[in-house]
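One structure is given below, encoded as structure tokens.
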Amino acid sequence: MTDPVTAFRALHVPGDPLMLFNIWDAGSARAVARAGAKAIATGSYGVAEAQGFADGEDFSIDDALRNVERIVRVTDLSVTLDFETGYGATPAEVATSVRRARDAGAAGINQEDRMPGESALLPVAQAAERVAAAASTGLFVNARTDVYRGVKPEDYGQHLIDAVLERADAYAQAGASGLFVPFLGDHAAITAICAASPLPVNNLWGPGRGTRAELAACGVARISYGHGPWAAAMDWLEGQAKSVFAGEIVPYAAG
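When we follow the working numbering, the leftmost residue of the sequence shown carries the number 2, and every step to the right adds one.
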């Protein structure tokens, strides 16, 4: 039987992207698995907000890992955990935290290159040390870089592509298995990054960012939905509650 990390790694094929419809608990994981998912991915924002916490490691590592353990119990699919910055002030602490994620059943993690609550990215060498610590556990480390976070499309340019690729090279040398470049919808930039990156590239889907086929043509190996599924579910729930409180009959009933 193929181990979950190896199985998860094999799903990352440039030009044939793995689709990850992010979940936040065991119940949502079960629903997405029934829909035909090839792997399960949490989104830190939805996980935290679903429990009344803010994103940014406000949700404790103990709670995050208990959540993963419950998710792993309800699916045979590989589970990747949005692990924010790695739950550690130092590389050694990151390694300890990621080993705990591995022991909880995770096959992979996402790891950011800025600290919780900070806008500035960590220096490349410092971020790479943290990636190396996480990768030493054997998990699939999807190294996230926020180079494009908060940047307006009119300010895009080769300098941002170069900044991403500098980090891609450093993170690859540190042992990362994937590169996550969220907040980027420009297909020319995505294509350039995918062509030059030593790591398979993960794109965060958003309105106007193209179809799976279009992103596949750019060379993307993984597409995730972030907190979108959780937000949509909460919008639906709120809308249904408003209808009920207004005296309407909703189109379903308890068993």
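Beta carbons are placed, not taken as given, at the ideal position from N, Cα and C, and that holds for glycine.
Under the three-state DSSP convention, the category residue i falls into
{"i": "S45", "result": "helix"}
{"i": "Q241", "result": "helix"}
{"i": "T81", "result": "strand"}
{"i": "G229", "result": "helix"}
{"i": "I1", "result": "The requested residue 1 is not part of the displayed model; the chain covers only 2 to 256."}
{"i": "Q112", "result": "strand"}
{"i": "T91", "result": "coil"}
{"i": "T138", "result": "coil"}
{"i": "H160", "result": "helix"}
{"i": "V75", "result": "coil"}
{"i": "T3", "result": "coil"}
{"i": "D56", "result": "coil"}
{"i": "P154", "result": "helix"}
{"i": "L216", "result": "helix"}
{"i": "T86", "result": "coil"}
{"i": "R103", "result": "helix"}
Bridge partners - residue i, DSSP secondary structure assignment
{"i": "F181", "result": "R145 and N203"}
{"i": "R223", "result": "L19 and N203"}
{"i": "I191", "result": "I191 is not bridged to any residue."}
{"i": "I24", "result": "T43"}
Proximity winner among the options, relative to residue i (alpha-carbon distances)
{"i": "L12", "options": "A234, Y253, V221 and F246", "result": "V221"}
{"i": "R306", "options": "K153, S244 and A96", "result": "A query on residue 306 cannot be resolved here, the shown segment of the chain reaching from 2 to 256 and no further."}
{"i": "A128", "options": "G158, A171, V99 and Y149", "result": "A171"}
{"i": "F184", "options": "Y157, Q241, A30 and E119", "result": "Y157"}
{"i": "A259", "options": "F84, G16, P252 and L123", "result": "With the chain running from 2 to 256 in the structure shown, residue 259 is simply not present."}
{"i": "E70", "options": "D17, E50, W25 and Q159", "result": "W25"}
{"i": "G162", "options": "E155, P154, V148 and L216", "result": "Note on identity: in this sequence residue 162 is Ile, with Gly being the wrong assignment. The shortest Cα separation from I162 among E155, P154, V148 and L216 belongs to V148."}
{"i": "Q205", "options": "V182, D114 and L78", "result": "A small correction: the amino acid at residue 205 is Leu; Gln does not occupy that position in the sequence shown. Of V182, D114 and L78, the residue nearest in Cα terms is V182."}
{"i": "E215", "options": "V6, D17, A232 and Q52", "result": "D17"}
{"i": "P201", "options": "L166, F246 and G139", "result": "L166"}
{"i": "G209", "options": "D77, G186 and P5", "result": "G186"}
{"i": "A1", "options": "P5, L122, V152 and E239", "result": "Since the first residue shown for the chain is 2 and the last is 256, residue 1 is missing from the structure and cannot be characterised."}
Proximity of residue i and residue j at Cβ, strictly below 8 Å
{"i": "A164", "j": "A134", "result": "no"}
{"i": "I110", "j": "T81", "result": "yes"}
{"i": "Q112", "j": "T86", "result": "yes"}
{"i": "Y46", "j": "G227", "result": "yes"}
{"i": "A32", "j": "L19", "result": "no"}
{"i": "A169", "j": "S198", "result": "yes"}
{"i": "A27", "j": "R100", "result": "no"}
{"i": "A42", "j": "A49", "result": "no"}
Rounded straight-line distance, which links the Cα of residue j to that of residue i
{"i": "N23", "j": "R67", "result": "17 Å"}
{"i": "R35", "j": "D59", "result": "30 Å"}
{"i": "S178", "j": "R223", "result": "12 Å"}
{"i": "I62", "j": "F141", "result": "19 Å"}
{"i": "I194", "j": "P154", "result": "16 Å"}
{"i": "V125", "j": "G57", "result": "20 Å"}
{"i": "M235", "j": "A30", "result": "16 Å"}
Chain D contact for residue i (CB, 8 Å cutoff)
{"i": "A214", "result": "No chain D appears in the structure shown, which is made up of a single protein chain."}
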